[in-house]
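Here is the structure we will look at, set down as C-alpha cells.
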Amino acid sequence: MVEVHYYFKLDPNIRNATEVLFGRMEIEGLAKRKVESIRHFYDVMRQPPISYFDNETVRIQDFLLNLRTVYGEIQGYYFLDETLDLTKFIERLGYTREIYVCLEFKDDIDKLKKAVFPFGAEGKNLQVWTSSHDGNHYCLLRIITNMFFLEQINNVILCSAGKPRERQIARMDGNINRLTHHVMENIRSFIPKFPKDSNWKEFEDFVDEPNEITLYLTQFYGPPYKAKFHPRMIRALLNSADVGEGEVTGDFMLGSGTLAIESVLLNVRTKCSDINPLAKIVARAKIDALNFEPKEVLEEIDNMMAALPKTVESSNRDAASFASHFFRGKEDVKDKALFLNRYIKENVNEKYRNFFLCALAKVSSIAYKMRNEPDVFRLIETELWNMWKVIYCFNEIKQFLHVPVNVAEIETDDIRSLSSVGKDSIDLIITSPPYSTAIDYVKMDLAQLLLLGLIKNPKDLDEKMMGTHRKTSDIDELSRHISDSKPFFSDERNRFHKLPLEAQKYILDLKEDGNLKNALRCYKFLYDMWDALKQMHHVLKANGRCILIIGNNVFTVKGEDREFRNGDLLEEIALNKEIGFSRWREKIVREYSKSSYGTILKEDIIFLQKSLQV
Ligand SMILES: C[S@@+](CC[C@H](N)C(=O)[O-])C[C@H]1O[C@@H](n2cnc3c(N)ncnc32)[C@H](O)[C@@H]1O
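Numbering (my numbering), first residue to last: 169 to 782.
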C-alpha cells in the first residue's frame, strides 16, 4: 500500500471566506472525501516526508512559503490517500494554484511521474524532486493547475503590445515562455516594482499581482454584460458535484454563457439556452473559438477587412421603424453595422460566423454608446484582432497543457416552456434568474439586437423576460390575484395563494402601500419561477441536481426597508410537492463588499435535487 500526501495551495487572489469554502468544496467533490485545512504552509514543511526536501538540492520552503501564495486564514488543504492519478485535479480545480504530492517510492521515477500526471510537462507545469531519508527514497512533485495558465493569457496579451502584428505575436511567444519560467524557476525574484503604475511594470509583476482575474480566456468576448457568474465559482460548483465526462450540464437562462464555457473546459457536455437570441451567438463564439486553428481565422479576418468598402450606402431609413428612431444621429454606425451583418452572414465561413457576429455585437454596443460616430469597420478590425490573440495564446499554451474541450448545444428557448431539451436528460443545472429589478436586459442589448437583426421591436422580447411585470395584457389579471382572500372558483392561473406565506404578506403589503408596480414585480417573478422550476425538474435525470444563484431585493414597505428574500422563497417553492425538489445541501450566502447590481448586496446559492419518488 502506498501512502500519497496531497497538498493543495489556494490561489493568492482569493479574497474571502466563501471562496476559501469553494476551494474546499471542489477538492472534496473531486476526491470524494473530506480534506484537512492547512493554516500555514510553514506547518506543512516541518512534517515528514515533505521536510526531507530541505537540503542542498532543494529548499522546498522557497516554493511552499513564497510571497505570492499567502492568503490569510487558510492557505490550502491536505489529504492522505492511496490513489496516484492527479489529472482531474490539475485540469479542473479553479481556486487551487499549485498541488504538491509527496510519497515514498521504490520503482522507476519516470513510471511514477506518468502515474501521477501523464500530461505533465516538466519545466512548464511540473517539477519533480527526489530525496533519501533513512535509506528510503522519496519523491515530491509540484504541479501548477491549468486554471493558472488559462487566466494568465490576459496578462500575456496585455504585455505584448506593439506594431506590426508580427512583433505582437513574437512578444506573446516570449511572454508565454517567461510565464512558465517564472512560475517554475523564478520564484525567488518577486519584486513588485511600481504596483500602481502599469507603465513601469514587468510581465512577471502582472502575473504576481494579487488582482482577481474575473474574465479569462474567451469569457471577455461579446458586449458588456452585467450580473454574470464568476467563472471560478462555477468551476468550483461543477467540481463539487463531480460532474464527469459522460454527464450533461445545463443553464436555461444562460446569459453571457459562463456555465457553458466552464463545462466544456472541464470536458463536460452541456445543453443550454436563453430567451435572448444574442446569448446563443455570444456563447457559441466563446466556445467555437476554443477549437479554432489560429492561421485559418486570421485569413478569414483579413479577407473580410480587405473586402470592406470605404463607405456604404445608407440603408432604408424608414422613419416609422423602431431602429431608425433608435439610431437617430448614429446613421453611419447603423449603416456600417447592418452592412457587416449582411456581409458576415453571406460571406464568412459558417464555422467562424458566430465569432464574427459576436465581434459585431460588441462593436455595435460600444459604437452606440460613444459620443461621436466612430468608424465601425475600424472598431471591428481591432476587436477581431483582440479576440484572435486569445485563440493564438490558447493554442500556444495547449502545446504543453492538456485542455480537452467538450461540446455544447446552445438554443434560444423560454425556460418556462423548454422545448429544446428532453425529459430526464440533464445531470446538473446551475442557473441564475434575471435580476430584473436592477437590470433591464433588453435595454442593455438593444443596439446589438437591432443591428444583428435579432428583433424588430424591444417589446416583443421584453414581454417574454422572466419576471416582467410590464406585459400590459397581464397586469389586470395579476393585480386581481394579489388579494388576501382565495378565489371562489378554482383558477389554474392564480398562484398567489400557493406562494410561501412570507411572500404573500410582503406582496400584499406592497400593494396596500400603493406600490403596485413592485408588488406585481415580486409576484410575477415568483410566478414565472414556478414554471421555470417545474421545467428544470422535468429535464433533470433522477437524482439530478440544480443549483440556483439569486440575490435578494430590498423595497421600502410601509416606510421601512424590507428584504424580499428571493433565495429562501425560491427554495420553499422548489420544495413544494407540486414541483418536487428536495434539498441537496444547506444554502451558501455570498456577501458582496459593495453591490454592483443596485440594491443586491448578497447572493444565496441554493442546492436542490430531483427527488426519486416523484
Ligand atoms: C442573471 S442573467 C444570467 C447570467 C448568466 N448566469 C451569466 O453568467 O452570464 C439571467 C438571464 O435570464 C434570461 N432570461 C430572462 N427571461 C428568460 C426566459 N423566459 N427564458 C429563458 N431565459 C430568460 C435573460 O435573458 C438573462 O440572460
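Don't be surprised by glycine CBs; every beta carbon is placed ideally from N, CA and C.
Element boundaries [alpha helix (DSSP H), containing residue i]
i, result
"T640", "640 to 649"
"N554", "544 to 565"
"V501", "499 to 515"
"S205", "Counting along the chain, S205 falls outside any alpha helix (DSSP H), though it belongs to the beta strand (DSSP E) covering 204 to 206."
"I325", "314 to 326"
"Q295", "No alpha helix (DSSP H) holds Q295; the beta strand (DSSP E) holding it covers 294 to 301."
Close Cβ partners of residue i (< 7 Å) along its chain, the five nearest in sequence each way excluded
i, result
"L252", "V172, A283, V284"
"T186", "I756, R758"
"F190", "Y263, M401, A404"
"D681", "V725, K726"
"E290", "V296"
Cβ pair residue i, residue j closer than 8 Å
i, j, result
"I267", "G288", "no"
"A447", "G262", "no"
"L433", "V573", "yes"
"R260", "L198", "yes"
"L684", "S647", "yes"
"I206", "I182", "no"
"H350", "V324", "no"
"F148", "T426", "Nothing about residue 148 can be reported from this structure: the residues present for the chain run from 169 to 782 only."
"K279", "V296", "no"
"F221", "K177", "no"
"N522", "R452", "yes"
"L620", "A529", "yes"
"V589", "C526", "no"
"I565", "I747", "no"
"D677", "K611", "no"
"Q387", "I429", "yes"
"A742", "I583", "no"
"L458", "F524", "no"
"P655", "N662", "yes"
"N314", "L569", "yes"
Close-in-space but distant-in-sequence residues of the same chain around residue i (CB under 6 Å, 5 per side omitted)
i, result
"S482", "D503"
"H637", "L688, R689, K692"
"T580", "P445, K448"
"N435", "E413, P572, N574"
"N744", "none"
"E372", "H350"
"Y246", "Y175, E204, I206"
"I469", "L552"
"S779", "G748, S750"
"I443", "D582, K632"
"T217", "Per the sequence shown, residue 217 should be read as Pro rather than Thr. These residues qualify, in order along the chain: C270, Y306."
Neighbourhood of residue i by C-beta, 8 Å cutoff - its chain only, sequence neighbours within 5 removed
i, result
"I718", "S600, P601, N734, G735, L738, E771, D772, I774"
"T550", "none"
"F664", "H649, I650, S651, Q672, I675, Y691"
"S431", "L406, V411, T417, R437, T438, N574, A576"
"F490", "L618, K624, N625, P626"
"K274", "H305"
"L233", "F209, Y210, M213"
"K557", "I325, S328, Q336, M340"
"R868", "Absent from the structure is residue 868, since the part of the chain shown begins at 169 and ends at 782."
"Y765", "Per-residue confidence for Y765 stands at a pLDDT of 47, beneath the threshold of 50, marking its modelled position as unreliable; the derived number appears in the next sentence. Cβ neighbours of Y765 beyond the five flanking positions: K394, A395, Y603, A606, I607, G719."
"N554", "I325"
Range of the contiguous beta strand (DSSP E) that encloses residue i
i, result
"T348", "Counting along the chain, T348 falls outside any beta strand (DSSP E), though it belongs to the alpha helix (DSSP H) covering 333 to 352."
"I773", "770 to 778"
"F749", "749 to 759"
"L248", "244 to 249"
"L261", "Counting along the chain, L261 falls outside any beta strand (DSSP E), and DSSP gives it neither H nor E."
"H706", "Note, H706: premise wrong, no beta strand (DSSP E); alpha helix (DSSP H) at 684 to 707."
"A535", "Note, A535: premise wrong, no beta strand (DSSP E); alpha helix (DSSP H) at 518 to 537."
Counted within 10 angstroms of its Cβ, other Cβ atoms place residue i as buried (16 or more) or exposed
i, result
"P363", "Because the pLDDT of P363 is 48, which lies under 50, any placement of that residue in the model is unreliable, and the number read from its coordinates should be weighed accordingly. Exposed, because fewer than 16 other Cβ atoms sit within 10 Å of the Cβ of P363."
"M169", "exposed"
"P399", "buried"
"K679", "buried"
"T225", "exposed"
"M704", "buried"
"A338", "exposed"
"N184", "exposed"
"R192", "buried"
Within 5 Å of ligand 1: residues by beta-carbon to any heavy atom: A395, K396, F397, M421, G423, S424, T426, D442, I443, N444, D582, I583, S600, P602, Y609, M633, M634
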